[in-house]
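Asks: Read left to right, the sequence shown gives residues 1 to 217 (UniProt numbering). Structure in structure tokens, see below.
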Amino acid sequence: MKKYDCAFLKENLYSGVLCDVLDGMGYRNQSIGQRLMPLNDDTVIFGPAFTSIATVVYSMPEHPLTAQCKVVDQLGEGEIYVLVTRGQYNCAVFGELFATAVKQRKGAGVLLDGYVRDLKAIKEMDFPLFYAGRDPRTSKGRAEINECQIPVILDGVTIRPGDLIFGDIDGVVIIPKEIADEVFEQALATIKKEDQVREGLINGDSLEKVYGEIGTI
Ligand SMILES: O=C([O-])CC(=O)C(=O)O
Ligand SMILES: [Mg+2]
Numbered sequence: 001m002k003k004y005d006c007a008f009l010k011e012n013l014y015s016g017v018l019c020d021v022l023d024g025m026g027y028r029n030q031s032i033g034q035r036l037m038p039l040n041d042d043t044v045i046f047g048p049a050f051t052s053i054a055t056v057v058y059s060m061p062e063h064p065l066t067a068q069c070k071v072v073d074q075l076g077e078g079e080i081y082v083l084v085t086r087g088q089y090n091c092a093v094f095g096e097l098f099a100t101a102v103k104q105r106k107g108a109g110v111l112l113d114g115y116v117r118d119l120k121a122i123k124e125m126d127f128p129l130f131y132a133g134r135d136p137r138t139s140k141g142r143a144e145i146n147e148c149q150i151p152v153i154l155d156g157v158t159i160r161p162g163d164l165i166f167g168d169i170d171g172v173v174i175i176p177k178e179i180a181d182e183v184f185e186q187a188l189a190t191i192k193k194e195d196q197v198r199e200g201l202i203n204g205d206s207l208e209k210v211y212g213e214i215g216t217i
């Protein structure tokens with residue numbers, strides 16, 4: 001992604017319009033829906049993915065949690081820390097101290113297909129998080145996060161390192177990095193059309209007229 005200012009896009013885009021544009025480009029299954037919830041209604045995450053995978057373990061490793069520390073210590077500025085489990089949810093794999101580390105590294109947020117703990121502190125931080133659930137148990141001796149920067153699959157959507165992630169109250173959209181500039185350009189154009197539609201409706205035009213003329217809803 002080169003052309004656009006991240007802060008501008010984060011402020012102006014929304015997941016629905018990104019899905020509409022991706023639909024139009026033939027990418028019809030790029031979203032993660034209900035299963036992952038935003039921390040708050042106004043939580044928005046946007047940035048390139050830094051991916052990792054948690055694997056369940058059944059005994060205490062020699063150095064528990066250390067692998068995940070090494071993974072999160074590699075997160076780059078502006079990146080979204082993506083952590084998926086292998087469909088198993090037996091503990092929290094993220095908490096307030098990892099959130100603090102992500103924030104210190106200037107990470108843009110976390111997309112967690114797993115459970116979180118320390119939610120009280122994370123809410124106080126207003127941390128940009130999407131998550132699958134909560135659990136007070138630590139991952140020590142339950143899961144190891146020791147693979148990163150490889151493609152992961154979340155709800156059937158492949159997320160590769162560097163793919164763009166946009167999440168808001170409606171859901172999370174994965175934008176393949178090769179088409180990101182085009183998607184953002186079209187999304188901003190579509191938003192302008194939606195503004196015209198809204199204006200027409202407020203001025204008393206029928207839905208059929210404005211939709212027929214402008215072609216977007
Ligand atoms: O041990 C964990 O699951 C992580 C944790 O509490 C934190 O990051 O504060
Ligand atoms: Mg903690």
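All residues carry an ideal CB built from backbone N, CA and C; glycine is no exception. In this text, all values refer to a predicted model and were calculated from it rather than measured experimentally.
Any heavy atom of ligand 2 closer than 6 angstroms to the Cβ of Glu194?
Replies: Flag unset: Cβ of Glu194 not near ligand 2.
Asks: If you measure from the CB of residue 263, is any heavy atom of ligand 2 nearer than 6 angstroms?
Replies: Absent from the structure is residue 263, since the part of the chain shown begins at 1 and ends at 217.
Asks: Heavy atom of ligand 2 less than 6 angstroms from the Cβ of residue 236, yes or no?
Replies: One cannot answer for residue 236 here, as it falls past the ends of the chain, which runs 1 to 217.
Asks: For Ile53, which option in Val71, Gln30, Arg137 has the closest C-alpha, if you only look at C-alpha atoms?
Replies: The residue with the shortest Cα to Cα distance from Ile53 is Val71.
Asks: What is the DSSP secondary structure of Asp42, counted as helix, strand or coil?
Replies: DSSP places Asp42 in coil when its eight states are reduced to three.
Asks: Which runs of the alpha helix (DSSP H) at least 4 residues long sit entirely within the region 45-122? Give them in chain order.
Replies: DSSP runs (the alpha helix (DSSP H)) wholly in the region 45-122: 66-72, 96-104.
Asks: Look up Thr158 in the DSSP assignment and say whether it is helix, strand or coil.
Replies: Of the three classes helix, strand and coil, the one that applies to Thr158 here is strand, per DSSP.
Asks: Please find out if some non-hydrogen atom of ligand 4 comes closer than 6 angstroms to the beta-carbon of Gly95.
Replies: This structure does not include ligand 4; its bound ligands are ligand 1 and ligand 2.
Asks: Does the distance from the C-beta atom of Glu144 to that of Val57 stay below 7 angstroms?
Replies: For Glu144 and Val57, yes; Cβs fall inside 7 angstroms.
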